[in-house]
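Structure first, then comments.
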Amino acid sequence: MIVYPDFKVRRFTEIDQTFLQTHDLQGLLVDLDNTLVAWHAMDIPDDIARHVAALRRDGIQLCITSNTYNFNRLRTLADTLGVHFYDGNAGKPGTRGLLAGLSQMGVPPQRAAMVGDQLFTDIKAGSRAGVKTILVNPLTSRDFIGTKLVSRTLENLVLRGAHSRP
Ligand SMILES: [Mg+2]
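For what it's worth, the numbering used here labels the leading residue of the sequence shown as 24, then goes sequentially.
Printed below as a string of C-alpha cells:
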C-alpha cells in the first residue's frame, strides 16, 4: 500500500502554533533520527530545541516515537527536551509506539499528528494509527545504508509521482 503524507514541511520548526491551530492539532508524535536530531547524534540543533520549548509553553504535547534500540540515548534526548517518549522500539510502521504515545499524551488520534522523515515507517505508521501525518526533509543525508539506498529511492519515486498528480 502506498501512503502519502497529509502535509510536507522542510523542517520540524515549520510546524508552528498557527499550523497546529489551523489543523486543530494538540499532540505531536515525533520521530527522532533525522527529524529532531542528525542520525545517531547526541546534540539537538538549537532552533529545534527552542521550537520544542515554545510548543511546550503553548501546551502542545510531544512524544518521541523512534525505531531505536539505543534506549539510553532516547531517554537522554527526551529528558533534555522535556517531552514524552515511547520507552522502547516504536516498531514503525506498526502502531504500538504511536498508540502508547497518544495515551501518554492524553490526546485523541484525530487531534494528533505523526512527524517524521520516512514514508515507509513514520508516515505509514501514522496513517495506520489514524493520526494526521507530516513528512519532514531529513536533517542530514547521513543515514542507515539500507534506508539510504532502498527507502529513499522508493520515496523519491513515490513523491515525484505525488507532485505530478493533477
Ligand atoms: Mg527518521
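Using N, Cα and C, we set each Cβ at its ideal position, and we do this for glycine too. These figures come from a predicted structure and were not determined experimentally.
Identity of the residue in D145, Y109 and V138 nearest M15 by Cα: Since the first and last residues shown for the chain are 24 and 189, residue 15 lies out of range.
Own chain partners of F30 with C-beta closer than 6 angstroms, once the 5 adjacent residues on each side are dropped: For F30, same chain residues with a beta-carbon under 6 angstroms away, outside a window of 5 residues either side, are I157 in chain order.
Exposure label - I25; buried when at least 16 CB within 10 Å: Exposed, because fewer than 16 other Cβ atoms sit within 10 Å of the Cβ of I25.
Between the CA atoms of V181 and A101 - distance to the nearest angstrom: Just so you know, the alpha carbons of A101 and V181 end up roughly 32 angstroms apart.
With 16 other Cβ atoms within 10 Å as the buried cut-off, status of T41: Classified as exposed, T41 has fewer than 16 neighbouring CB atoms from the shown chains inside 10 Å of its CB.
Closer than 8 angstroms to chain C by CB, V53: Absence of chain C from the displayed structure is noted, only one protein chain being present.
Length of the line joining the Cα atoms of N160 and L59: The alpha-carbon atoms of N160 and L59 are separated by roughly 11 angstroms.
Cβ-Cβ distance between A72 and L104 below 8 angstroms: Taking 8 angstroms as the Cβ cut-off, A72 and L104 qualify as a contacting pair.
Below 6 angstroms from a heavy atom of ligand 1 - residues by beta-carbon: Result: D54, D56, N57, T58, G139, D140 and Q141.
Helix, strand or coil at P189 according to DSSP, with G and I counted as helix: Because the pLDDT of P189 is 45, which lies under 50, any placement of that residue in the model is unreliable, and the question is left without a value.
Classification of T99 by the beta-carbon crowding that lies within 10 angstroms, buried from 16 upward: By the 10 Å Cβ count, T99 comes out exposed.
At least three beta-carbon pairs within less than 8 angstroms, the segment 111-121 to the segment 78-98: Contact between the segment 111-121 and the segment 78-98 is present, with at least three C-beta pairs closer than 8 angstroms.
Start-to-end residues for the alpha helix (DSSP H) that takes in T41: Per DSSP, the unbroken alpha helix (DSSP H) holding T41 starts and ends at Q40 to T45.
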